[in-house]
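For reference, the structure is listed below as structure tokens.
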Amino acid sequence: MNAALLWSLFLTNAFTPSPPGNPAQTASPYCNEKFAFCAEYPSSILNFEATLVQDNGIVLKSTDGLSEVVIAGYQSAFNKSTEESFRISIQNLLPPGKQPTIISSLFGEDFYECFFMIGHNMYFHRSYHFDDHFVRVEIRTPINRPHTMEKLREGISIDFNVETPVKTDKPTSSLMNKEMRE
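Residue numbers for the sequence shown follow my numbering, so the first one is 12 and each next one is one higher.
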């Protein structure tokens, strides 16, 4: 499918009302001591899947198994622009010679948000940059699931005003270099 067709498919589905009878969303917390943040995510949509290697973050899967969220911190000296950081973050997602179709983006000095499409998936990245690390939320959903993307974008929050984060009691199974691919 070409980008125009994907965009029209997204627009056609993105603004239709959600089906009635959706269960109330409940939030589950995840705290990361290493990078001093806590996140909340809608547990009515997302299930815990794994803890990333070195306890950098978590991987969550949608209840239908079609969408994935990674919430993680990464060690890195912040010496790149947020635009460059975004380009680096999507290199493994791109087929050779292809570029993402950017739907919307906001780049600041120490923060970025980008909503984009690659192939048959929509992605949303929200990244917070500090002197020696960054924390990023990465969401992937199929393009035919705009309601899921909307709920995940709105339902995931990060809090950095955490004095003593509490470790999650979720089971752990390490994932090494997990890539969000089709």
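Where is the CB? At the ideal position from N, CA and C, for every residue including glycine.
Keep in mind it's a predicted model, so treat the numbers as computed, not measured.
With contacts defined as CB atoms closer than 9 Å, Ile101 and Ile129 qualify as a contacting pair. The C-beta distance from Val64 to Val81 rounds to 12 Å, too long to meet the 8 Å contact threshold. Given a length threshold of 3 residues, each whole run of the beta strand (DSSP E) inside the stretch 90-148 is given here in chain order: 112-118, 122-129, 132-140. Between the stretch 154-163 and the stretch 131-146 there are three or more C-beta pairs closer than 8 Å, enough to call the two in contact. For Thr159, the enclosing alpha helix (DSSP H) has its first and last residue at 157-166. Here Ser54 is not near Ser78, since their CB atoms are 9 Å or more apart. Within a 10 Å sphere around the beta-carbon of Lys109 sit fewer than 16 other beta-carbons, which makes this residue exposed. Closest in C-alpha terms to Ser115, from the list Asp170, Cys42, Arg137, comes Arg137.
DSSP places Ser73 inside the beta strand (DSSP E), whose first and last residues are 68-73.
Using a Cβ distance threshold of 9 Å, His140 and Phe46 do not count as a contacting pair. Listed as beta-bridge partners of Gly84 by DSSP are Val146. In this structure, the straight-line span from the alpha carbon of Glu165 to that of Tyr123 is close to 16 Å. Beta-bridge annotation (DSSP): Ala61 is paired with Val70.
The beta carbon of Lys72 is closer than 6 Å to those of Asn58, Glu60, Glu79 in its chain, skipping five residues each way along the sequence.
In the DSSP annotation of this structure, the continuous segment of the beta strand (DSSP E) that includes Glu51 starts and ends at 48-53. Per DSSP, reduced to three states, the secondary structure at Glu44 is coil, with no helix or strand assignment.
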